[in-house]
Every structure is written in structure tokens, then in C-alpha cells.
Amino acid sequence: MMKSLIFSILFFCSAITFAQQNDIMPQSTHYEWPKDPLVKEKLNNWQDKKFGMIVHWGLYAVPGIIESWSICSEDWIERDSTISYENYKKWYWDFSNKFNPTKFNPEQWAAAGKNAGMKYLVFTTKHHDGFAMFDTKQSDFSIARGPFANNPKADVAKYVFDAFRKEGFMIGAYFSKPDWHSQYYWWQKYATADRNNNYDIRKYPWRWNKFKDFTYNQIGELMNNYGSVDILWLDGGWVRPLETVNEEVLSWGANIPKWSQDIDMPKIATMARKAQPGLLMVDRTVHGPYENYQTPEQRIPDKQLDYPWESCMTLGGAWGFVPNDNYKPAAEVVHKLVEIVAKGGSLLLGIGPKPDGTLPDDVLKKLADIGKWTSVNGKAIYNTRTAKNYHSDKTWFTQSKDAKTRYAIYCLLADDKQTEISWNGNTPKKGTTVKLISTGQKVTWKSVGDKTTIKLPGNVKNQPALAFEFEAVD
0 MMKSLIFSIL FFCSAITFAQ QNDIMPQSTH YEWPKDPLVK EKLNNWQDKK FGMIVHWGLY
60 AVPGIIESWS ICSEDWIERD STISYENYKK WYWDFSNKFN PTKFNPEQWA AAGKNAGMKY
120 LVFTTKHHDG FAMFDTKQSD FSIARGPFAN NPKADVAKYV FDAFRKEGFM IGAYFSKPDW
180 HSQYYWWQKY ATADRNNNYD IRKYPWRWNK FKDFTYNQIG ELMNNYGSVD ILWLDGGWVR
240 PLETVNEEVL SWGANIPKWS QDIDMPKIAT MARKAQPGLL MVDRTVHGPY ENYQTPEQRI
300 PDKQLDYPWE SCMTLGGAWG FVPNDNYKPA AEVVHKLVEI VAKGGSLLLG IGPKPDGTLP
360 DDVLKKLADI GKWTSVNGKA IYNTRTAKNY HSDKTWFTQS KDAKTRYAIY CLLADDKQTE
420 ISWNGNTPKK GTTVKLISTG QKVTWKSVGD KTTIKLPGNV KNQPALAFEF EAVD
């Protein structure tokens, strides 16, 4: 009977893993540049990186299901109708007694990310389910309190951050503002109707103040106990001051309570930046001084943007580990990276380790294949800035930070067999050398009017994109 119950739960949870439309955080329409010189310096450094890894790893890895959302009671989430909601939540919470990643290998993750050409990390220290992937003293609901407690690496976040720092990554801590396990957020006195806190804060201000203290203290642990942190990546944009709920937020279709879920971001930011000077705050979708860059999710903006942003996207169909996930081809990831960078953004690619603490073989292979391209074409991606004319059909353009060198990146399709390519605009200067970056070869080119044509060398097959460098007329 129990095996049948578990199978039913896993079947329905697997079904919603690939239908995660309502938890996708949209992009703010307003951006406010930071004023702190240290933050501006860090932001400029981050804009050089272009390609990062976001790691979702938590309780949800054990059954291999959607991260956290299956315990949320919203219409878009399907569960087996023969299982009561309360029993389902108990089944899910109980994975805290089973999560024992004895092969936990953050060095493998960091090496794979470096080989792919990634330059910064965002690690889920706590998702919405409230399970901490660090040794918090604010709760017993953490990886450091269950069956993994006696492992030398039980304080998982510490070892993840250390491994990626050794590979030269900027370090980001993902932290969920909502905490569905906390009695100060989802109070068991009431049903948990949706993603919001489930009691009227106006009637129980003392309880919400307890939650604010809890959140402040957990973020304080991350900022003070885990070495240098560059980014505090805050998820759960519905936890916000009521006055920031505008028409844009209402258009998302999410339920908005009549009270303010304000956790005092100015106080959190002051504390966090005292511990980590220049820290980038990414309070997703809450436009203002604590959203230092924007994070459109699972999409690329339609046009070039003149402020800092990243597209966070999954390598597979889910953020975390699910068995038999369908991973994107390396060429597709490269094409997305090229488009994103040409439009002024960075790509934050999501991967999910298995419950044993290692990466799936397919993920390792995909990252290695991506790295084959970035390792020889990185000059056109890293440390670049946008070009005014950034797109011509299959070709995308970037330029060096001093604007002296232009880069053209032509995205190849699998069946491309042409011996020449062409683009409009970004005309090379008369007499300049146009080089294929991956090999350093000089290529033959000509410009007629606004159109530039490149004769391709014979050794460019099986590449997802061709990158060229030259001096441009404008």
C-alpha cells in the first residue's frame, strides 16, 4: 500500500515538474541604479562574467520532483486526489529524515562549471520549503540536523562556496524570503491556501515580527559565517512591502493579501553590506534600491536593455534533479548565451545535483560540450559590452569595453553547409583584419554598401557558432 502511495505521489509530482508556469518570476519594468561606489564596482565586475551556474538542491532531490512547489495549494499544482493535502505535506517534510548525500562532491560541480566557461555561482541555501542547506542555528530543519549531520561536510553551503571560490567564481547565495516550514510564515492554526503567509499580519503583528527576526538572523548567518559572498539572490517576490504592489505586480495573476509582507529590506541590506561590503542585492521583481540587477526567468527579453540583467534558465526541464530529464543541446545553450550577451545580459544556467550529491552524467556531458565552445570563443563573450547595432539575422554583435574591437557571432544551425556568411551593419574598417577567434585565422571579407560577406575557412564544421573580431567603422 505504501509503495502504491509513493508511486502515485511521484507520478503526479513528475507531471507538474514540466508545467511550472505560475511560479516563474517575471521581470520588473523599472530599474534603479545603485549609488554605493562599492556596489557599482561589484556590479561592473559581475557584468564581465556573463555566464553563471544556479544550483537547486534540497529535499525535492530525494524523490526527484519539482522544487518546493508541490506543497503549495494553488490551482496550477496537481496532486493525487486520493492523498490528503496534510498527508502530502507530511510525506514531503519527512524527506528531511532521509536526505543523506553521502557522495556530496562540490568540487565536481565547480570543476564542471569552470569547464563549461561559467564564472559565477548562485547556490540555493534555502528554497521556499524552508529546508536550510547550511548549518542554521535558527531552526532544526536543515541538512546539518538530519542523517547527514555527522558527515564532515554537513554544513553544505560552506563546502559549496569553498569549492567554487577555489575555481575563481563569484559567489552568490540564493535565499527564499518565504519559508513554508516556519510557523511564523505558514501557521498551522490555519490552512495554507497559497504561497503567501496564511494569517492576517495586522491581527498578529508579533508573529510576523518573529518571522522578520528569523529571516534577518538566517541571512546574517550566511553573510557572516561563510566567507566572501558577492551576491545575495532573494527569491519569492510576493514577500514585499504592500506599497510596492503596483499594476505590474497585479498583472501576474497571483493572489495579493490585504496586508504588507514587509521584512524590512533596508535593515537586512545594512547588516549584509556591513559584513560583505559592495554586496549585490537581488530582491527579485521588487524594483528599487535592492534589485541591483533584474532576473527574467526562462526567457530572453525581446530587445537590448541598457541596465544590468540576467536570464535564469534551466539546462533541463526542471530547476532541480528529476530522473530522465530532457536537457537542452549544447548548441542551444550557446545560442542563448550569445543572444543574451548581445542584448546586455548574463546567462544563469540551472542544474540540479542528484540526491547523493553528484551531478548526473548527462549534465556533466552537456557542460563539457558547452565548454568546448566557450574555451575558444570567450573573447567575444566575457568582459564585453553591448554594440549599438547588436543583431543581423543569425549574427549577434558585442564589443570590447574600450569599444575598439567589435565581435560578430554567427549562430550555425545543424544543417548549415554554406561556405560564406553575411551580415548587415557593423562594417569592418577598410584595411582591417577580420579573424576567426577560435583559430586565430584571418578570413577573406568584403563589404558592399551595408552588407559584409565572410568567406569561411574549411575547418569550421560542427561548431554551434562562429565568432569573429575586427575594427568596425562605427
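When you number the sequence shown by numbering that gives the first Met the number 0, it's gap-free, plus one each residue, and the end is 473. We put the CB at the ideal spot given by N, CA and C, even for glycine.
Exposed unless 16 or more other CB atoms sit within 10 angstroms - verdict on residue i
i: Q187; result: exposed
i: R201; result: exposed
i: L249; result: exposed
i: R194; result: buried
i: Q20; result: A caution first: Q20 carries a pLDDT of 48, below 50, which makes its placement in the model unreliable, though a value can still be read off. Q20 is exposed by the Cβ-count criterion.
i: S227; result: exposed
i: Q260; result: buried
i: N254; result: exposed
i: L42; result: buried
i: N376; result: buried
i: N425; result: buried
i: Y84; result: exposed
i: W308; result: buried
i: K460; result: exposed
i: L346; result: buried
i: N196; result: buried
i: L455; result: buried
i: E296; result: buried
i: K118; result: buried
i: V38; result: buried
i: G448; result: exposed
i: V332; result: buried
i: Y184; result: buried
i: R405; result: buried
Where residue i falls: helix, strand or coil (DSSP)
i: M264; result: helix
i: K450; result: strand
i: S399; result: strand
i: V155; result: helix
i: Q187; result: coil
i: Q275; result: coil
i: Q20; result: For Q20, the predicted structure reports a pLDDT of 48, less than 50, and the residue's modelled location is therefore unreliable. A value from the coordinates is still provided. The answer is coil: DSSP assigns Q20 none of H, G, I, E or B.
i: S227; result: coil
i: W444; result: strand
i: F133; result: coil
i: L233; result: strand
i: F469; result: strand
i: G313; result: It is worth fixing the name first, because residue 313 is Thr in this sequence and not Gly. If DSSP states are grouped into helix, strand and coil, T313 belongs with the strands.
i: F140; result: coil
i: E166; result: coil
i: E290; result: strand
i: K125; result: strand
i: R147; result: The question names Arg, yet the displayed sequence has Phe at residue 147. Here F147 sits in coil by DSSP.
i: A172; result: strand
i: D199; result: coil
i: V459; result: coil
i: W68; result: helix
i: A60; result: helix
i: V238; result: coil
i: E40; result: helix
i: W308; result: strand
Contact belief for residue i with residue j at Cβ below 8 angstroms, rounded distance in angstroms
i: I170; j: L120; result: 6 angstroms
i: P475; j: W68; result: This structure gives no information on residue 475, because the portion of the chain shown stretches from 0 to 473.
i: I53; j: W179; result: Not quite, the Cβ-Cβ distance comes to about 20 angstroms (not below 8 angstroms), so this is no contact.
i: L412; j: I380; result: The pair is not a contact, with the Cβ atoms about 20 angstroms apart (cut-off 8 angstroms).
i: I487; j: E468; result: Only positions 0 to 473 of the chain appear in this structure, which leaves residue 487 out of reach.
i: A407; j: W422; result: 6 angstroms
i: Y409; j: L465; result: 5 angstroms
i: A271; j: L231; result: 6 angstroms
i: I142; j: F98; result: 7 angstroms
i: G319; j: Y59; result: 5 angstroms
i: L233; j: D199; result: No, L233 and D199 are not in contact; Cβ-Cβ is about 24 angstroms, not under 8 angstroms.
i: A329; j: D368; result: 4 angstroms
i: G370; j: L314; result: Actually they are not in contact, since the Cβ atoms of G370 and L314 sit about 13 angstroms apart, beyond 8 angstroms.
i: S374; j: G116; result: 6 angstroms
Short CB-CB distance (under 9 angstroms) between residue i and chain C
i: Y91; result: The structure shown contains no chain C, having only a single protein chain.
field: the region 116-133 / the region 172-181 touching (three or more Cβ pairs under 8 angstroms)
entry: yes
- request: Ignoring anything shorter than 3 residues or poking outside the region 378-442, list the beta strand (DSSP E) runs there in chain order.
  value: 383-391, 394-399, 405-410 and 419-423
Cβ contact check for the region 290-301 and the region 27-40: 3 or more pairs under 8 angstroms: yes
message: What ranges does the alpha helix (DSSP H) occupy inside the region 71-121, keeping only unbroken runs of at least 4 residues that lie completely in it?
response: 84-92 and 105-115
field: Secondary structure, beta strand (DSSP E): runs of 3+ residues fully inside the region 315-379
entry: 345-350
- request: With a floor of 3 residues, list each beta strand (DSSP E) that falls wholly inside the region 201-226, ordered by position along the chain.
  value: none
message: Three Cβ pairs or more, each shorter than 8 angstroms: is that satisfied between the region 206-226 and the region 88-108?
response: no
Inter-stretch contact (C-beta, 8 angstroms, three-pair minimum) for the region 146-157 and the region 106-117: no
At least three beta-carbon pairs within less than 8 angstroms, the region 211-220 to the region 264-279: yes
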